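Mapped onto UniProt numbering, the consecutive letters of the sequence shown carry residue numbers 1 to 349.
For reference, the structure discussed in these notes is given below.
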Amino acid sequence: MKCENFSSLIRLLRITAWVQRFIRKLKKDTISGQLTAKEMEEAKFMWIVHIQRKHFAKEIHDITKNKSSNIIRQLGLTIDNNGFIRCVGRTEHADVFENAKRPILLPKKEAFTKLLIYSYHRNLLHVGVAQTLSQIRQKYWIPQGRSTVRHVLRTYGNCIRYKGGPYKMPLIPPLPQKKVTASSPYTYTAIDYFKAASNVVQQEWKKVLYDSDIQNYVSNKGINWKFIVELAPWMGGFYERLVGLAKRSLRKTMGKVCLSVEQLRTLLTEVEAVVNSRPLAYIGEDIDSNIVLTPSCFLTLNKHTGIPERIDNDEDPEYKPQLSSTDNLFEIWKKRSKTFKQILESASW
Ligand SMILES: [Zn+2]
């Protein structure tokens with residue numbers, strides 16, 4: 001089986017998992033039904049171990065013989081109990097998921113790595129290079145990751161066709177003075193609403209704009225309303241950039257599909273999570289820079305998009321399952337009947 005023949009990671013993993021199940025059945029395993037998450041994970045693990053052995057045979061040999069080399073020292077390579085080569089940086093004690101502390105090493109020139117990068121990009125609703133890279137680094141380490149991710153996003157899938165516009169954009173003029181002068185937060189704030197919703201919002205909006213109380217409050221507080229030109233996103237600067245990010249994700253994910261209100265609401269919430277998980281600073285190329293600062297770090301305790309990482313060891317010695325009310329009643333009855341018996345016995349004496 002060759003990764004090159006597959007266009008998506010999920011398809012590759014599903015077929016691998018079915019093949020693995022077939023082999024198990026030959027060994028008289030009685031498993032049936034649809035594929036489980038565990039089988040999919042095992043298929044992925046099998047591929048990772050396979051490509052690591054293919055590309056890093058020398059490193060594996062060196063690590064087991066306790067020899068050192070440039071790459072081993074640079075990335076702090078070790079082999080874990082499952083046979084994965086992992087990178088260990090200085091973030092060993094950081095408060096991040098286990099996988100982010102010890103990312104799995106993946107070769108850059110490998111079809112599997114490319115499928116994995118593209119699947120991340122797709123799951124994150126077609127975000128850019130930096131965000132895709134920062135998410136991948138929560139689990140995997142790809143040497144020269146930035147250029148590899150950039151190459152994949154340029155060549156895979158059909159995102160490229162959304163890049164071009166109907167006409168060439170004019171040259172962007174220099175930034176206005178207020179945008180390049182340091183000012184305290186909330187000196188400039190902005191309100192934006194979708195033009196599509198304008199019919200509904202317009203009436204309410206007019207009331208707000210022409211309401212004498214609001215007008216008086218605004219002038220008393222020294223607040224200036226300023227309207228930017230319609231369809232001129234470059235004038236809004238920062239917040240229009242965020243609107244652009246949301247629109248890009250929607251356009252690339254939905255295409256021409258018409259969604260129901262509930263579906264659109266779900267998608268918008270996902271887009272919100274993705275926009276809030278964008279890296280705020282440049283992500284370095286060294287192994288110690290895989291802790292990424294995102295707006296979610298300030299907004300929520302779960303700063304990750306999608307399903308949280310599973311903790312493998314779910315045997316918790318502290319955990320005492322609560323008795324059901326039936327069991328509880330039965331326990332009380334047993335205790336009471338014992339006491340009752342004792343009373344009866346003492347009475348008979
Ligand atoms: Zn894309």
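The beta carbon of each residue, even a glycine, is placed where N, CA and C say it ideally should be.
These numbers were taken from a predicted model, which means no experiment stands behind them.
Taking residue i as the reference, give the member of the options with the closest Cα.
| i | options | result |
| --- | --- | --- |
| K27 | G33, R154 and V19 | V19 |
| F84 | Y217, S68 and I63 | I63 |
| G89 | T148, N82 and N99 | N99 |
| Q138 | Y120, A111, K109 and P103 | P103 |
| F289 | I117, Q135, N224 and R154 | Here the sequence assigns Ser to residue 289, which means Phe is not the residue at that position. Selected option, being the one with the closest Cα: Q135. |
| T36 | I48, T30, M46 and R14 | R14 |
| I228 | I72, G237 and P295 | G237 |
| I172 | R161, M235, K226 and E204 | M235 |
| L125 | L245, S325, K2 and S324 | L245 |
| K44 | F298, K178 and Y140 | Y140 |
| N81 | V49, N123, K108 and Y156 | V49 |
| G222 | E39, T187, I79 and F330 | T187 |
| K101 | G76, M40 and C3 | G76 |
| E272 | L242, V257 and Q202 | L242 |
| N158 | R24, H121 and D29 | H121 |
Would you mind reading off the limits of the beta strand (DSSP E) that contains residue i?
| i | result |
| --- | --- |
| I79 | L77 to I79 |
| R86 | I85 to C87 |
Just curious, the alpha helix (DSSP H) that residue i is in, first and last residue?
| i | result |
| --- | --- |
| R102 | From DSSP, R102 is part of no alpha helix (DSSP H); its letter is neither H nor E. |
| I15 | L9 to L26 |
| C297 | P295 to L299 |
Say the cut is 6 angstroms; is the CB of residue i nearer than that to a heavy atom of ligand 1?
| i | result |
| --- | --- |
| H151 | no |
| C258 | no |
| H126 | yes |
| C159 | yes |
Worksheet entry | Inter-stretch contact at 8 angstroms, needing at least 3 Cβ pairs: the stretch 127-137 / the stretch 262-279 | With a cut-off of 8 angstroms on Cβ pairs, the stretch 127-137 is in contact with the stretch 262-279, counting three or more such pairs.
Worksheet item: Quick check: the stretch 283-296 against the stretch 141-152, are there 3 or more CB pairs under 8 angstroms?
Response: As far as the Cβ criterion goes, the stretch 283-296 touches the stretch 141-152, which means the pair count is three or higher.
Worksheet item: Is the stretch 112-122 touching the stretch 6-20, taking contact as three or more C-beta pairs under 8 angstroms?
Response: Short answer: they touch.
Worksheet item: In chain order, which continuous runs of the alpha helix (DSSP H) of length 4 or greater are located wholly inside the stretch 131-211?
Response: Look at the stretch 131-211 and you find these whole runs of alpha helix (DSSP H), each 4 residues long or longer: 145-155, 160-163, 177-180 and 198-210.
Worksheet item: Counting only runs that start and end within the stretch 26-83, where is the beta strand (DSSP E) found for 3 or more residues in a row?
Response: If one requires a minimum length of 3 residues, the beta strand (DSSP E) runs lying completely within the stretch 26-83 are 77-79, in chain order.
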